[in-house]
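Notes follow the structure.
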Amino acid sequence: LTEAIALAHDLGHTPFGHAGEDALDRLMGPWGGFEHNLQSLRVVEVLEERYPNFPGLNLTFETREGLAKHSRHDHPELEEFNPEEAPTLEAQLIEVADEIAYNNHDIDDGLKSGLLSLEELEELELWREVWRVVNRKYPHGGRKQLIYSAISHLISLLMHDVASETSRRIRENGIETLEDVRRFGHPLVGYSSSVAEENRRLMDFLYRRLYCHWRVERMRAKAERMITELFKAYIDNPKLLPEKYQRRMQEELPQRVVCDYIAGMTDRFAVEEYKRLFDPDWRV
278 LTEAIALAHD LGHTPFGHAG EDALDRLMGP WGGFEHNLQS LRVVEVLEER YPNFPGLNLT
338 FETREGLAKH SRHDHPELEE FNPEEAPTLE AQLIEVADEI AYNNHDIDDG LKSGLLSLEE
398 LEELELWREV WRVVNRKYPH GGRKQLIYSA ISHLISLLMH DVASETSRRI RENGIETLED
458 VRRFGHPLVG YSSSVAEENR RLMDFLYRRL YCHWRVERMR AKAERMITEL FKAYIDNPKL
518 LPEKYQRRMQ EELPQRVVCD YIAGMTDRFA VEEYKRLFDP DWRV
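This is how it looks when you write it as structure tokens:
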């Protein structure tokens with residue numbers, strides 16, 4: 278179950294990450310908005326066409342619930358998943374693992390791109406701790422090797438803390454059954470209080486030093502423009518779309534069909550599609 282939720286929960290991600298998601302949410306505002314977690318659920322329930330007699334992938338309730346409860350907002354269409362109840366431990370685990378993964382990937386990307394420096398990371402206790410460990414362990418290691426090892430150690434540190442703290446919460450609260458998990462009023466999977474505070478500082482650091490960097494803002498602006506212009510072009514002229522989507526537009530809300538098409542693009546495909554439509558020198 279954990280693996281199934283992990284593999285499926287990002288299927289709804291747009292090209293260009295959160296910048297693409299924000300653009301689609303703005304464009305789809307009058308028609309229900311856009312959220313990548315709900316789009317993941319839409320992919321496995323509606324958009325995938327594997328069987329002749331019904332849409333979707335025929336996934337279990339618990340797998341689909343794990344996707345639905347990854348959403349940060351309440352949606353009437355999710356009532357079947359009993360939003361007042363806590364999700365399974367497996368779904369809670371994905372929530373935390375997702376955060377660990379993207380925070381550490383962002384550190385790696387920030388260092389590789391030069392948007393972050395090792396000196397800046399020194400303000401974080403979590404980083405100072407793992408950096409000391411890897412430098413003691415590999416005194417002659419090169420910069421790239423030490424960074425890679427430090428990130429690996431940081432992931433391991435966070436994972437072990439979550440495992441230990443979650444075990445403590447389950448044990449001390451007498452959790453024995455799935456019903457106990459669902460009735461419990463707070464997340465059972467999570468960090469210890471001390472590591473939670475250090476992780477909060479890490480996320481605040483990434484927001485200030487990386488996500489608000491002027492170069493990142495430029496990339497965000499370019500992504501916003503590409504998504505917006507693609508969306509408008511398809512709405513104005515549906516014949517620009519593949520025939521499958523043209524047929525859907527005759528039976529479904531056109532804006533949602535276009536949203537589905539754009540949300541399914543990779544970064545590279547979106548850039549090339551933008552050039553195909555708007556660059557006169559680009560091959561159609």
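By the working numbering, the letter at position 176 of the sequence shown is numbered 453, and the numbering carries on one by one without gaps. Positions of the beta carbon are idealized from the N, C-alpha and C atoms, including for glycine.
Open item on the list: Quick check on the burial criterion: 16 or more other C-beta atoms within 10 angstroms. Buried or exposed for K389?
Closed with: Taking the first residue of the sequence shown as position 1, residue 389 is located at position 112. By the 10 Å Cβ count, K389 comes out exposed.
Task: As assigned by DSSP and simplified to three states, the class of G294 - done: Translated into the one-based positions of the sequence shown, residue 294 becomes position 17. It is helical.
TODO: Return the first residue and the last residue of the alpha helix (DSSP H) that T589 is part of.
DONE: In this structure the chain extends from 278 to 561, so residue 589 is not present and cannot be described.
TODO: Quick one: give me the first and last residue of the alpha helix (DSSP H) that Y522 is part of.
DONE: Looking up residue 522 in the sequence shown gives position 245. Looking at the DSSP string, the run of the alpha helix (DSSP H) that includes Y522 is 520-526.
TODO: Confirm, please, whether the CB-CB distance from G387 to L393 is below 8 Å.
DONE: Start at 1 with the first residue of the sequence shown, and residue 393 comes out as number 116. Start at 1 with the first residue of the sequence shown, and residue 387 comes out as number 110. At the C-beta level, L393 and G387 come within 8 Å of one another.
TODO: Ignore the nearest five residues each way along the sequence and tell me which others in N450's own chain have a CB closer than 6 Å to its CB.
DONE: Translated into the one-based positions of the sequence shown, residue 450 becomes position 173. Result list for N450: empty, nothing under 6 Å.
Open item on the list: Could you tell me the alpha carbon to alpha carbon distance between V323 and L479, rounded to whole angstroms?
Closed with: Sequence index remark: in the sequence shown, residue 323 carries index 46 (1-based). Sequence index remark: in the sequence shown, residue 479 carries index 202 (1-based). Straight-line spacing of the CA atoms in V323 and L479 works out to 37 Å.
- [ ] Could you name the residues of the same chain whose beta carbon sits closer than 8 Å to that of E367, not counting the 5 residues immediately before and after it, in chain order?
- [x] Residue mapping note: residue 367 aligns to position 90 of the sequence shown, counting from 1. Once the five neighbours on either side are set aside, the close Cβ partners of E367 are L278, T279, I282, E339, G343.
Open item on the list: Between the alpha carbons of H318 and R341, how many angstroms are there, rounded?
Closed with: Residue numbering aside, residue 318 sits at position 41 when the sequence shown is read from its first letter. Residue numbering aside, residue 341 sits at position 64 when the sequence shown is read from its first letter. Looking at the sequence itself, residue 318 is Leu, so the reference to His does not match. Straight-line spacing of the CA atoms in L318 and R341 works out to 7 Å.
Task: Residues near R525 in its chain [Cβ-Cβ closer than 7 Å; skip 5 each side] - done: Residue numbering aside, residue 525 sits at position 248 when the sequence shown is read from its first letter. Closer than 7 Å at the Cβ level, and outside the excluded window around R525, lie V534.
Open item on the list: Using only the alpha-carbon positions, how far apart do I428 and L487 sit?
Closed with: Locating residue 428 in the sequence shown gives position 151, where the first residue counts as 1. Locating residue 487 in the sequence shown gives position 210, where the first residue counts as 1. One C-alpha to the other measures close to 17 Å.
- [ ] Can you say whether P364 is buried or exposed, counting buried as having 16 or more other CB atoms within 10 angstroms of its CB?
- [x] Mapped onto the sequence shown, residue 364 falls at position 87. The residue is buried, with at least 16 neighbouring Cβ atoms inside 10 Å.
TODO: Please classify G419: does DSSP put it in a helix, a strand, or coil?
DONE: Position 142 of the sequence shown holds residue 419. Residue state, collapsed to three classes: coil.
Open item on the list: Do V407 and H437 count as a contact pair if the criterion is CB distance below 8 Å?
Closed with: Taking the first residue of the sequence shown as position 1, residue 437 is located at position 160. Taking the first residue of the sequence shown as position 1, residue 407 is located at position 130. Result no, Cβ atoms of H437 and V407 do not sit closer than 8 Å.
TODO: Kindly confirm or deny that the segment 354-362 and the segment 299-308 touch, where touching means at least three C-beta pairs closer than 8 Å.
DONE: Touching, no, given that fewer than three Cβ pairs across the two stretches are closer than 8 Å.
Task: Beta-carbon proximity check, Y468 vs V493, cutoff 8 Å - done: On the sequence shown, position 191 is the one that residue 468 refers to. On the sequence shown, position 216 is the one that residue 493 refers to. Taking 8 Å as the Cβ cut-off, Y468 and V493 do not qualify as a contacting pair.
Open item on the list: Please report the distance separating the alpha-carbon of Q316 from that of P464.
Closed with: For this step, residue 316 is matched to residue 39 along the sequence shown. For this step, residue 464 is matched to residue 187 along the sequence shown. Those two C-alpha atoms are separated by around 24 Å.
Open item on the list: I'd like to know if the segment 499-517 and the segment 530-548 are in contact, where contact means that at least 3 CB-CB pairs between them fall below 8 Å.
Closed with: Cβ pair count under 8 Å is three or more, so yes.
Task: Reduced DSSP category for Q312 - H, G, I as helix; E, B as strand; rest coil - done: Sequence index remark: in the sequence shown, residue 312 carries index 35 (1-based). In the sequence as displayed, the identity of residue 312 is Glu instead of Gln. The three-state secondary structure of E312, taken from DSSP, is coil.
Task: Status (buried if at least 16 other CB within 10 Å, exposed otherwise) for H417 - done: For the purposes of this step, residue 417 is taken as the residue at position 140 of the sequence shown. When all chains shown are included, H417 counts as exposed.
Task: Distance between A296 and W491 (C-alpha atoms, nearest Å) - done: Within the sequence shown, the letter at position 214 stands for residue 491. Within the sequence shown, the letter at position 19 stands for residue 296. A straight-line Cα-Cα distance of about 14 Å links W491 and A296.
Task: DSSP three-state assignment for E453, whether helix, strand or coil - done: One-based indexing of the sequence shown puts residue 453 at position 176. E453: coil per DSSP, three-state reduction.
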